[in-house]
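A short worksheet on the structure shown next.
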Amino acid sequence: MKLIRTVDAEGAVLCHDITQIIRGVTKDAVFCKGHIVKKEDIPVLLSVGKDQLYVWEKEEGILHENDAAEILCAMCMGEHMSRSQVKEGKIEIIAETDGLLKVNGDGLKAVNGFGEMMIASRHGDFTVKKGDKLAGTRIIPLVIQEEKMERARRAAMDVTGGEPLLRLKPFVHKKTGIVTTGNEVFYGRIQDTFTPVIRQKLEEFDTEVIDHATWNDDDKKVTDSILDMIRKGADVVICTGGMSVDPDDKTPLAIKNTGARIVSYGAPVLPGAMFLLAYYEVREPGRERTVAIMGLPGCVMYAKRTIFDLVLPRVMADDEVSARELAALGQGGLCLNCRVCTFPNCGFGKGR
């Protein structure tokens, strides 16, 4: 830091805020710490009594906050993102498309643990829209050691394997099949009120329902129906009903008998404990694809938000869900059934 004449300050970087006081009008910082003085700023600085200024003096191995912020931003940014201009060591990262945000939490902790720098992000594994703010980064002091920034960068890359801390996976067009099960619906004893709920939730994404079948509690028919939809090109098959442990609830058996890889039958989420997720590998001439099969418990039909709302965005972004990730939903997996639902702006599904 050095003291210079204000008239010679063009291009210099302020080391502190400059406050302007106009009685009855304002008392605020007219220029903030880190501001790069422009020619037109000099008369304003003189008008607030600043004939001299403390400015940053370039030193070997020391970075100005704005230069360091660029390094921090580069650690974070993946594809389909844009960024704000750097200001006072701050940069914001913005979504350039609708999609699923992925956050490397361990990498984030590694960087934030260094001190004098910070990254604050949205929760990962949730839907974001084009234009949404994804994260904000900031360098805390006016200057920071270049070597410290390099150590933070290496620590982040060690955790992520060289990938950015943030990734945005665009939603993919999905062909969907729906299999409705249950004697009560099949024989017309009650109206099917489950399928309309599924269709409504699917409409939030780029999907088309290519087939819908209704069957009684016959696991062989349900198995055949799932496989038939996959042959017709379904990328996702959703089965409704028959998911409990009652003897006549055979949907889990039907899904298992397709030969699909069962990720989990059961999830530590309420509502939604009896959820089933499986993946079926299709090997077709010239390409391979993975079909997600979901068995939905009855709560999805009447509860505002359930396990389905946590898993569906990941399925629509081709982000495969593991058993470990489902198990981690236990913390934060309790929906409080608020009278006014604000999901996803609440804690549901965000405790891990």
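Residue numbers (the working numbering): 49 to 400. Even for Gly, the Cβ is constructed at its ideal location relative to N, Cα and C. Since we're looking at a predicted model, the values are computed, not measured.
- Query: Taking the C-alpha atoms as reference points, what is the distance between Arg202 and Leu120?
  - Reply: 11 Å
- Query: For Ile303, does the three-state DSSP call read helix, strand or coil?
  - Reply: helix
- Query: If you run the structure through DSSP and keep just helix, strand and coil, what is Ile278?
  - Reply: In this structure, Ile278 counts as helix in the three-state DSSP scheme.
- Query: Per DSSP, Tyr235 is paired with what?
  - Reply: Residue pairing for Tyr235: DSSP places it in no beta bridge.
- Query: Which value, in whole angstroms, describes the spacing of the CA atoms of Gly97 and Cys80?
  - Reply: 16 Å
- Query: Under the DSSP definition of a beta bridge, which residues are partnered with His260?
  - Reply: Residue pairing by DSSP puts His260 in a beta bridge opposite Ile226.
- Would you call the segment 280–291 and the segment 215–225 touching, i.e. three or more CB-CB distances under 8 Å? yes
- Task: Can you check the segment 284–354 for any beta strand (DSSP E) of at least 3 residues that lies completely inside it and give the ranges in chain order?
- Result: 284–288, 309–313, 324–332 and 335–344
- Message: Less than 9 Å between the beta carbons of Val207 and Asp154, yes or no?
- Response: Between Val207 and Asp154, the C-beta spacing is below 9 Å.
- Which value, in whole angstroms, describes the spacing of the CA atoms of Cys386 and Pro319? 13 Å
- Task: Spell out the partners DSSP gives His128 in its beta bridges.
- Result: His128 is not bridged to any residue.
- Please confirm whether Thr271 and Thr241 have their CB atoms less than 9 Å apart. no
- Task: Leaving aside the five residues before and after Asp297 along the sequence, list all residues of the same chain whose C-beta is less than 7 Å from its C-beta, in chain order.
- Result: Gly290 and Met291
- Where Asp76 falls, given that 16 or more other Cβ within 10 Å makes a residue buried: exposed
- Message: Using 9 Å as the threshold, is the C-beta distance between Ala371 and Val311 below it?
- Response: Taking 9 Å as the Cβ cut-off, Ala371 and Val311 qualify as a contacting pair.
- Message: Comparing C-alpha positions only, which one of Arg170, Pro189, Gln248 and Asn152 sits nearest to Gly209?
- Response: Asn152
- Task: Using alpha carbons as the reference points, say which of His171, Pro91, Arg186 and Gly109 lies closest to Gln133.
- Result: Arg186
- Please work out which residues of its chain come closer than 7 Å, Cβ to Cβ, to Phe396, disregarding the five sequence neighbours upstream and downstream, and give them in chain order. Closer than 7 Å at Cβ, skipping near neighbours: Arg353, Gly380 and Cys383.
- Message: In whole angstroms, give me the CA-to-CA distance for Ile139 and Asn114.
- Response: 9 Å
- Message: Beta-carbon within less than 6 Å of Lys50's beta-carbon, same chain only, minus the 5 sequence neighbours each way: which residues are those?
- Response: Glu105
- Query: So the beta strand (DSSP E) Ser169 belongs to, where does it begin and stop?
  - Reply: Met165 to Ser169
- Roughly how many whole angstroms lie between the Cα atoms of Asp56 and Glu88? 12 Å
- Query: Ala116 and Gly137 look like a contact to me (Cβ under 8 Å); what is the Cβ gap, rounded to whole Å?
  - Reply: 7 Å
- the segment 178–197 contacting the segment 139–148, beta-carbon criterion three pairs below 8 Å: yes
- Item | Rounded separation between Ile402 and His83 - CA only | No answer is possible for residue 402: the residues shown for the chain start at 49 and end at 400.
- To the nearest angstrom, how far is it from the Cα of Asn231 to the Cα of Leu275? 21 Å
- Task: Sort Val330, Met349, Phe356 and Asn393 by Cα distance to Gly314 and report the nearest one.
- Result: Phe356
- Message: For Glu164 and Gly109, which I take to be in contact (beta-carbon distance under 8 Å), what is that distance rounded to the nearest angstrom?
- Response: About 15 Å; that fails the 8 Å criterion.
- Task: Would you mind working out which of Arg170, Gln248 and Glu144 sits nearest Gly399, comparing C-alpha positions?
- Result: Arg170
- Query: With which residues is Ile52 paired in a DSSP beta bridge?
  - Reply: Partner(s): Leu101.
- Answer with buried or exposed for Lys150, where buried requires no fewer than 16 other C-beta atoms within 10 angstroms of its C-beta. buried
- Query: Tell me, which residues are paired with Ile192 by DSSP?
  - Reply: Leu111
- Query: For the alpha helix (DSSP H) that contains Pro244, what are its first and last residues?
  - Reply: Phe242 to Leu250
- Query: If we ignore side chains and look at the alpha-carbon of each, how far apart do Glu336 and Tyr328 end up?
  - Reply: 11 Å
- Message: Let me make sure I understand the geometry here. Which of Arg215, Cys63, Asp267 and Asp254 has the alpha-carbon closest to that of Ala143?
- Response: Of the candidates Arg215, Cys63, Asp267 and Asp254, the residue whose Cα lies closest to the Cα of Ala143 is Arg215.
- Nearest CA to the CA of Thr175: which residue from Cys287, Asn393, Ala326 and Gly147? Gly147
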